[in-house]
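The sequence shown begins at 3 in the numbering used here and counts up one residue at a time.
Before any comments, here is the structure.
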Amino acid sequence: HVVVTAAGAPVEVVLAPASYSDGRMGKSLHLDLPEGATVYGDAAYTDDAWEDALAATGQIRLQVARKSNSKRPHPPSVRYLADRVRKQVETTFSQITDQMGRRLHAVTARGFELKVFLFILAFAICC
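Take a look at the structure:
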């Protein structure tokens with residue numbers, strides 16, 4: 003899970019096992035962002051209570067892509083913007099994985115984590 007700027011530079015990263023849900027990991031992000039920041043996420047981060055709690059603080063607005071049968075649909079302009087931002091996140095992931103190559107050799111889980119974070123750090127520096 004990664005939080006990126008509008009330009010695609012990573013600012014926060016959480017590495018989690020595949021068995022953890024996106025919503026669960028999204029809540030573990032520290033989100034040390036400027037006041038009034040808007041965070042866009044895909045539909046896996048849908049949690050109305052979490053979204054309302056963040057909105058109540060007034061510091062961060064969470065805009066998640068809504069499923070077609072959502073009871074709280076977004077207006078078309080917000081849907082369009084969320085789709086554009088998601089494409090930037092996907093582009094950032096693609097650029098990072100292109101640097102990594104197809105395989106990472108690591109003997110331990112800690113070594114694997116270290117290599118992944120170093121690739122992300124190198125990408126952030128190059129941005």
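Just so you know, even glycine gets a beta-carbon here, dropped at the ideal spot from N, CA and C.
It should be emphasised that the depicted structure is a prediction, and the values quoted were computed from it without experimental measurement.
- Under DSSP, Leu64 forms a beta bridge with Val41.
- Following the DSSP letters along the chain, one finds Val118 inside the alpha helix (DSSP H) bounded by residues 111 to 128.
- Only exposed fits Glu115, as fewer than 16 other CB atoms lie within 10 angstroms of its CB.
- Counting along the chain, no alpha helix (DSSP H) covers Val16, and no H or E run does either.
- For the pair Pro12 and Thr94, the CB atoms are nearer than the 8 Å cut-off.
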